[in-house]
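In my numbering, each residue carries its 1-based index in the sequence shown increased by 29.
Here is the structure we will look at, set down as structure tokens.
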Amino acid sequence: MAIANFFNRAVQAVGQALPLVDRETLAQKLNDFIIAIVFDEASLAKPNTNSMLSLAVNLASRFYPRISIVYDGFSDKGQALKQELETMALSINPSIELVPVGHHVFAAICVGEPNLQAKHKVYVNAGSWNIEVNVGRPASTITQTGYNPFSATATVCFGMDEIFRAVFNDEISPDSAPANYCLSLLDYSQNLAHETNLPVVNLKDVSLVGLGAVGSGLVWCLAKLEGLTGHITLIDHETVELSNLQRYILTNQQSVQRHKTIIAEEYLRREGLEISFYPENRFGEYVSEYRPNCMFDVIAVSVDNAACRFAVQSVLPRVVLNAWTAENGLLGVSRHWFDSNQACLACLYLSTTQQKSQLEQLVEITGFEPTRIIELITNQVCLDNQALQEIASNKNYPFDVVASFEGNTINEFYTKAVCGGVLINFIDQVIEPEAIVPLAHQSVLSGALLAAEIVKESLGLLNKEQPVETRIEVLKRPKEYLNFRRNKTQNPKCICQDSDYLFAYSQKHNL
Numbered sequence: 030m031a032i033a034n035f036f037n038r039a040v041q042a043v044g045q046a047l048p049l050v051d052r053e054t055l056a057q058k059l060n061d062f063i064i065a066i067v068f069d070e071a072s073l074a075k076p077n078t079n080s081m082l083s084l085a086v087n088l089a090s091r092f093y094p095r096i097s098i099v100y101d102g103f104s105d106k107g108q109a110l111k112q113e114l115e116t117m118a119l120s121i122n123p124s125i126e127l128v129p130v131g132h133h134v135f136a137a138i139c140v141g142e143p144n145l146q147a148k149h150k151v152y153v154n155a156g157s158w159n160i161e162v163n164v165g166r167p168a169s170t171i172t173q174t175g176y177n178p179f180s181a182t183a184t185v186c187f188g189m190d191e192i193f194r195a196v197f198n199d200e201i202s203p204d205s206a207p208a209n210y211c212l213s214l215l216d217y218s219q220n221l222a223h224e225t226n227l228p229v230v231n232l233k234d235v236s237l238v239g240l241g242a243v244g245s246g247l248v249w250c251l252a253k254l255e256g257l258t259g260h261i262t263l264i265d266h267e268t269v270e271l272s273n274l275q276r277y278i279l280t281n282q283q284s285v286q287r288h289k290t291i292i293a294e295e296y297l298r299r300e301g302l303e304i305s306f307y308p309e310n311r312f313g314e315y316v317s318e319y320r321p322n323c324m325f326d327v328i329a330v331s332v333d334n335a336a337c338r339f340a341v342q343s344v345l346p347r348v349v350l351n352a353w354t355a356e357n358g359l360l361g362v363s364r365h366w367f368d369s370n371q372a373c374l375a376c377l378y379l380s381t382t383q384q385k386s387q388l389e390q391l392v393e394i395t396g397f398e399p400t401r402i403i404e405l406i407t408n409q410v411c412l413d414n415q416a417l418q419e420i421a422s423n424k425n426y427p428f429d430v431v432a433s434f435e436g437n438t439i440n441e442f443y444t445k446a447v448c449g450g451v452l453i454n455f456i457d458q459v460i461e462p463e464a465i466v467p468l469a470h471q472s473v474l475s476g477a478l479l480a481a482e483i484v485k486e487s488l489g490l491l492n493k494e495q496p497v498e499t500r501i502e503v504l505k506r507p508k509e510y511l512n513f514r515r516n517k518t519q520n521p522k523c524i525c526q527d528s529d530y531l532f533a534y535s536q537k538h539n540l
């Protein structure tokens with residue numbers, strides 16, 4: 030089979046979206062289908078086509094072992110683009126099978142109106158801030174043609190979700206919503222925005238905190254924004270693991286062990302845009318060392334934990350923009366002004382529910398006593414062969430799998446072995462929500478929406494009276510209402526209701 034060498038991570042993601050899908054069954058199921066990405070001659074003249082095709086192939090290559098890239102045309106430009114897309118697919122999964130034209134295609138993402146036989150055809154279109162997805166017939170509602178990387182990215186994510194649901198039709202409940210739909214990313218309604226060419230965007234001071242799967246989608250969009258200027262700060266202390274390739278769209282096989290911030294900087298680099306990047310610092314460390322005055326204009330946060338979000342809100346930036354993913358295909362973005370009458374970022378993550386601590390989770394996955402875990406964490410002890418043999422014996426893990434973590438700290442063991450999916454087939458405990466692995470198109474869509482929010486804020490298209498949160502469930506078609514107001518948290522009471530914090534916020538930003 031042509032499955033990727035990071036397939037275990039995909040198994041974990043699908044298993045959290047769809048119950049009772051094991052590795053062997055999933056591998057066989059995916060191997061039975063050919064997924065095509067198809068475009069025609071006329072589509073080459075549209076400004077969003079290249080972005081849509083590039084992302085469609087990028088996402089497909091991370092999940093499906095057999096894909097076909099089909100160009101329904103004869104120009105040298107189209108043939109060159111097809112070859113470029115095939116090269117990208119192989120850089121992500123060198124084992125992928127690139128199926129030539131003529132084989133039976135199960136499902137296809139279609140850009141334009143190409144001629145191709147397939148059981149399921151999903152047509153995607155984007156223009157200005159609008160997206161259009163049509164199942165079974167060409168997309169024709171959108172007449173706007175303005176280049177917009179946010180709508181181009183989002184429409185492909187929705188299209189890939191249609192493909193995913195076709196593949197897993199037996200496991201997913203039928204969707205009664207219309208199979209053809211449009212959406213405006215300006216307000217997340219079905220009222221299409223007028224033709225709007227994006228002006229040159231200047232980001233005064235935007236800090237991107239977290240450059241994982243969602244952050245990759247964010248950077249992907251900003252990197253494709255023509256004429257972007259200003260200043261961006263990139264903050265993420267982690268390097269890329271092999272398992273990250275399951276949904277990090279900026280990465281390929283050559284990205285493993287490289288710093289996420291460095292990869293993001295390379296994508297964003299251009300004349301007129303100042304980029305500061307900090308590959309060794311967590312957010313709190315960055316603030317202490319480089320911005321002790323805590324002066325921030327806009328922070329866009331896409332981390333996988335609540336603690337960092339509390340830290341981000343506590344430095345009182347003028348605006349906080351947030352993106353998240355959750356189980357069952359849920360994702361969302363939120364926008365926060367600390368002095369508004371709606372929830373601040375911290376409000377959304379204050380919880381009265383009891384969750385397992387990191388210590389409790391480490392006890393469960395290693396079989397060690399809590400005192401030993403504390404000692405390993407405190408002293409940053411690297412796991413030796415004897416410790417790994419104990420873990421394997423305690424939890425019945427195959428030692429040849431566990432042995433590869435010799436020299437790692439206990440926290441690194443957790444991140445790579447559990448969050449990275451290496452031990453997913455052997456762990457029977459429930460992984461806590463912060464270790465949830467989303468689907469690739471789910472993460473990228475969340476990142477695209479966050480990128481759109483950043484640009485809308487810079488253009489004056491956001492205000493504190495708008496609903497604070499937008500929620501989407503990718504395993505279902507978009508609902509009519511996606512925006513939600515969120516009240517401030519009363520129990521426990523949040524810092525945004527503290528007079529000292531409110532005074533400090535108004536003083537910092539001259540309000």
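Virtual Cβ for every residue (Gly too), placed ideally from N, Cα, C.
Taking C-beta atoms as the reference points, residue 85 and residue 275 fail to come closer than 8 Å. In the displayed model, residue 333 falls within coil according to three-state DSSP, outside both helix and strand.
Per DSSP, the unbroken beta strand (DSSP E) holding residue 154 starts and ends at 147 to 156. Annotated three-state conformation of residue 366 is coil, per DSSP. DSSP places residue 538 outside both helix and strand once states are collapsed to three, so it counts as coil. Proximity to residue 211 across 166, 155, 266 peaks at 155, based on C-alpha coordinates. Boundaries of the alpha helix (DSSP H) around residue 83: 78 to 90.
Under the three-state reduction of DSSP, residue 471 is assigned to helix. The residue from 315, 246, 414, 281 with its alpha-carbon nearest to that of residue 340 is 315. The three-state reading of DSSP puts residue 137 in strand, counting E and B together. With a cutoff of 8 Å on beta-carbon distance, residue 251 and residue 214 are scored as not near each other.
As DSSP reads the structure, residue 210 sits in a beta bridge with 162.
When the five nearest sequence neighbours on each side are left out, the beta carbons in the same chain lying within less than 6 Å of the beta carbon of residue 260 are those of 234, 303, in order along the chain.
Under the DSSP assignment, residue 500 falls in the beta strand (DSSP E) whose first and last residues are 498 to 502. Around the CB of residue 61, fewer than 16 other CB atoms lie within 10 Å, so the residue is classed as exposed.
In the three-state scheme derived from DSSP, where H, G and I count as helix and E and B as strand, residue 168 is classed as coil. In the three-state reduction of the DSSP assignment, residue 489 falls in the coil class, being assigned neither a helical nor a strand state. Between residue 160 and residue 193, the gap from beta carbon to beta carbon reaches 8 Å or more.
Going by C-alpha positions, residue 236 is about 14 Å away from residue 337.
Ranking 131, 152, 520, 375 by CA distance to the CA of residue 82 puts 152 first.
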